[in-house]
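Under my numbering, the first residue of the sequence shown is numbered 1, with each subsequent residue one higher. Idealized CB from N, CA, C, for every residue including glycine. Quick notes on the structure that follows.
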Amino acid sequence: MDDSVVQAVEAMYASSSTGQTRSAADAFLRSFQTSPNAFAVSHAFLANAPTTARVVQLFAAQTISHLTLTPAQVSQLSSLFSLHHHERDIVRLLGTALVRNMEAGQGLDWLIQGPWDADVRISLLTLAAVESVAYTEAQNVIVYLGSSHAATKDTLLCMAEWVKLLDRDARHPDLVIKNPLTTYAIQVLHRGLDDTSDLFDAAVDLVVEVIRTYNSTLVDLPVIQWLIPQLMQLKPLFTAAAAQEITECCLGLARVFTEMAEVYLDILLGDSPMNQVLVVDTLLECMAFPDPELAAITIPFWFAFTEALRFVPDVHQKQTLLRNFAPSLTNLSRICMHTMCFRDGFRELPSDKQQDFKNFRMELGDILQDCCVLLGTDLVLAHCVQGLHAILTDPDSSPDAQWESIEAHLYSFRSIARQVELQLQDSSKAGHPPMDETPLHTIFAFLPRFPAHPAIQYTSCLVISRYAEWLAGSGAAYLASLLTFVDATVTMSATRHDYHDWQVPTAVAAALRGLCLDCWAHVGRDLMQYYGQLQASDALDVEDQVILLEGICKGVSVGDPHLIVPALEALVAPIAQRMNGILTAASSTAAPPSAGGILKDLLRLMCIFDHTSSSSNGQQQHPLVALSEQLFPLFQQTLHVFGSNFDVVERCCRCFKRMLRLPAMVVMVPTLSQMLVQSYAAVPQSSYLYCANQIVKNFASNASSNDLIPVLDHLFSQLSHTTFTVLSQSLVDHPDIVEEYFYLVERYVRSLPGLTVPLLPSILQGSLLGLHLQHNDATKGVLSCLELMLKQLTKTPTDAAAPTSAYSTTVEAWVTSQGQQLTRTLLGGVMGHLSPSRVDADYGSCAGVLVCLTQVPGATLRVRPI
1 MDDSVVQAVE AMYASSSTGQ TRSAADAFLR SFQTSPNAFA VSHAFLANAP TTARVVQLFA
61 AQTISHLTLT PAQVSQLSSL FSLHHHERDI VRLLGTALVR NMEAGQGLDW LIQGPWDADV
121 RISLLTLAAV ESVAYTEAQN VIVYLGSSHA ATKDTLLCMA EWVKLLDRDA RHPDLVIKNP
181 LTTYAIQVLH RGLDDTSDLF DAAVDLVVEV IRTYNSTLVD LPVIQWLIPQ LMQLKPLFTA
241 AAAQEITECC LGLARVFTEM AEVYLDILLG DSPMNQVLVV DTLLECMAFP DPELAAITIP
301 FWFAFTEALR FVPDVHQKQT LLRNFAPSLT NLSRICMHTM CFRDGFRELP SDKQQDFKNF
361 RMELGDILQD CCVLLGTDLV LAHCVQGLHA ILTDPDSSPD AQWESIEAHL YSFRSIARQV
421 ELQLQDSSKA GHPPMDETPL HTIFAFLPRF PAHPAIQYTS CLVISRYAEW LAGSGAAYLA
481 SLLTFVDATV TMSATRHDYH DWQVPTAVAA ALRGLCLDCW AHVGRDLMQY YGQLQASDAL
541 DVEDQVILLE GICKGVSVGD PHLIVPALEA LVAPIAQRMN GILTAASSTA APPSAGGILK
601 DLLRLMCIFD HTSSSSNGQQ QHPLVALSEQ LFPLFQQTLH VFGSNFDVVE RCCRCFKRML
661 RLPAMVVMVP TLSQMLVQSY AAVPQSSYLY CANQIVKNFA SNASSNDLIP VLDHLFSQLS
721 HTTFTVLSQS LVDHPDIVEE YFYLVERYVR SLPGLTVPLL PSILQGSLLG LHLQHNDATK
781 GVLSCLELML KQLTKTPTDA AAPTSAYSTT VEAWVTSQGQ QLTRTLLGGV MGHLSPSRVD
841 ADYGSCAGVL VCLTQVPGAT LRVRPI
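Structure, rendered in structure tokens:
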């Protein structure tokens, strides 16, 4: 073993070793470190230092540092310290082993007084704090650190870790007030203009931990009164650092100011004068720093501050606070609008960084909403208008050069839409003053005049969508110009790639959908016609088209009921025409047909069935049923031509799923069931099984009254026989079919258990095979089905969901015969290939099935060792 370890360590670090060699050596060494003789071998390496290579000694010390040692093994380390006292890295690792294997109540005197170098001692004390070893020694360690005169980065970080461990009873004020290290840390902060090294960051960490630990105005007031004035003396330093753009200094001080203001929020809102406004204005100065990363540090404080102001219980106190902080809150709203601006090079950032900034903007929008509540929506809305007006009337700069600011003010306008709506609703109530809607009129009058930058177009479209309800009323006069604006934006999107980078087409579709939902009475006919043009020209991608189509379907649904049928015919006619053309062309050529066009039209049909709602209104046939019957031959032909295309089959079945949600669609069940059986037999696809599942889900409860029992019986038996044939040829090649088939069986067992009886033995035997699949979703389907099948046996005969006696007899007989094999298979999966979620989960797990097995009469679960 010794030689093998030496060879593996040397192979890890030899420059001539290949990657494969290093991987094999790494695997061997990891295995060695968990073996029973790891300590003995490592100790021998270190004890025979003169004959052991340095790299092997380091590996041995590292191994020991991670082991859980017996007292006897711990005692053997003392000789190694003597032997290696001059080798700092080895001493540090051996000391780590001592710290991690300390006995309860041992204390830290041995560590503080031990024969270590100063940096090793600090490192081990830091480890003891991080591992929460002897946390009751925190006071002693902090006193020791303060008296050590070791003003280094590591010492400050060590003290920060021990300050964390001070509990309420242990945090005496003198531990920090009279501690030279805390004083030194604040002095380091004052030197931030000249030194922003790791020492500065460590000082920030220590001060932040002191603030967090001494957080009670009742218990820790002496520390708070000592600390806040000293920290506020750093404000001029922040101002100077911001002017010189020393970002590292500003980031550190912003952390300190934010932590101080958030932790001592009660003082900010208290009656005792402590220059609270100056503290808040200091945070505003941090918020206004050009770097969004620094502004983001302050966000938690602003959320806590505005929420606390909103919910002050005493009315008089709340009015006083709002009066005192009104200028600060007004400034906050302006800074939020400015900080929202996109920076140069935003589009070149990695996608995760772009998303981080977008999330940051959403947080700023939430703060603006709070400002609306505290200051009044009129004031914040006025800031938006004033900012936009100033940009458009600035004689020294064109609006094109200020697109970032324009977009930020529009984004702010969108962010406060909810508060604008609430004020409009309040103003419509008796006794409430009417809201001045002039700012809304001003912004929508400005909207078509803004520069055609894609970011502005994107946000403008989202503004239209968000304020569509207002546009349906007071703003109806702007609808014509806004539709012209939207059309121009669509035209521009077709020729400018940067519009797609900014997702302008999707925003356009959202704007049109919003107008459909809220302004249907004004522009419904125009938007129907416009959708037809977009569909014919493909000016928008189909994914964006269906966003508009969703709005049209919902608009049609709430419009005149007598116009639903003509509207549906107008929407479906071009779809059917294109699909027929594709299918005809496909049948006349031997080349494999392209499914692109079919997939687009199926997506449109999915949208129509998903978002159109209507009652029959006395008509002989429900409009959607009539539409389904009209389209059914088209679906049949599509599946005949594209039956081997997984995506086409899936979308067809998704259309069926949406049809089946409608109770009136019961008349389609026999025809649809037969088509599923035939299509599945021709080219087995898991989507057909899922669709059958939806039929049972929606119509099994009334199957008897609708004469559907024979239909559903035939559906289950035929799909099962085809499935058995497919899986008998290859189980591993069809995990999706395994998954969906057992979910289908589960549905039948839950709703119509009697129909499963003839096939139960085959199904149960197949479940044993399915459990061997190394596929999480497939095994979940099998386990879920088994769990329900066994649970059904525990139901009493009086239970409405109780299975038939034939079902119970069949399952019990199989469990009696195959219960041991099932248990063995489950346990084999637990110890083998199954993922943790399949071992023990809320539903669909080995544990769930085993629990159910124990409740089955006559089940024998004792098995031989695997």
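How big is the Cα-Cα spacing for residue i and residue j?
i, j, result
"Ala-802", "Val-556", "44 angstroms"
"Trp-520", "Leu-368", "31 angstroms"
"Phe-360", "Thr-18", "46 angstroms"
"Pro-229", "Gly-192", "18 angstroms"
"Lys-358", "Thr-155", "39 angstroms"
"His-721", "Leu-727", "10 angstroms"
"Ile-763", "Gly-532", "50 angstroms"
"Pro-451", "Trp-403", "7 angstroms"
"Asn-215", "Tyr-135", "19 angstroms"
"Leu-29", "His-734", "40 angstroms"
"Glu-137", "Glu-787", "53 angstroms"
"Ala-8", "His-772", "37 angstroms"
"Phe-305", "Thr-282", "14 angstroms"
"Ala-703", "Ala-536", "43 angstroms"
"Leu-822", "Leu-768", "7 angstroms"
"Asp-89", "Thr-96", "11 angstroms"
"His-432", "Leu-447", "30 angstroms"
"Glu-885", "Ala-151", "Summary: the structure shown does not reach residue 885, with the chain confined to residues 1 through 866, and so no result is reported for it."
"Val-811", "Arg-750", "14 angstroms"
"Asp-266", "Val-830", "53 angstroms"
"Leu-634", "Ile-582", "11 angstroms"
On a Cα-Cα basis, can you pick out the residue from the options that is closest to residue i?
i, options, result
"Gln-354", "Leu-374, Trp-502 and Leu-251", "Trp-502"
"Phe-742", "Cys-336, Gln-729, Thr-756 and Asp-733", "Thr-756"
"Ser-147", "Val-176, Phe-609 and Thr-489", "Val-176"
"Leu-631", "Asn-580, Phe-59 and Ser-42", "Asn-580"
"Val-648", "Ser-817, Ser-701, Ser-686 and Met-668", "Ser-686"
"Phe-875", "Pro-684, Leu-708 and Gln-225", "Nothing about residue 875 can be reported from this structure: the residues present for the chain run from 1 to 866 only."
"Glu-103", "Ala-382, Leu-251 and Ala-72", "Ala-72"
"Tyr-144", "Cys-158, Val-133, Glu-131 and Arg-750", "Cys-158"
"Gln-233", "Thr-794, Val-279 and Gly-559", "Val-279"
"His-611", "Val-558, Pro-670, Arg-334 and Ala-682", "Val-558"
"Leu-715", "Ser-701, Asn-706, Val-696 and Ser-730", "Val-696"
Under the rule that 16 or more other beta-carbon atoms within 10 Å means buried, what is residue i, buried or exposed?
i, result
"His-86", "exposed"
"Trp-110", "exposed"
"Gln-419", "buried"
"Asp-538", "exposed"
"Arg-604", "buried"
"Asn-645", "buried"
"Thr-638", "buried"
"Tyr-13", "exposed"
"His-453", "buried"
"Pro-753", "buried"
"Gly-766", "buried"
"Val-315", "exposed"
"Thr-438", "exposed"
"Asn-101", "buried"
"Arg-747", "buried"
"Gly-345", "exposed"
"Asn-693", "buried"
"Ala-567", "buried"
"Arg-54", "exposed"
"Leu-127", "buried"
"Phe-311", "exposed"
"His-775", "buried"
Give me the Cβ distance between residue i and residue j, rounded to the nearest whole Å; I'm assuming they're in contact under 8 angstroms.
i, j, result
"Val-523", "Leu-483", "7 angstroms"
"Ser-717", "Leu-759", "7 angstroms"
"Leu-515", "Ala-468", "5 angstroms"
"Leu-410", "Ser-460", "6 angstroms"
"Phe-342", "Ala-507", "In fact, because the Cβ distance is near 15 angstroms, the residues do not count as touching under 8 angstroms."
"Phe-656", "Cys-691", "5 angstroms"
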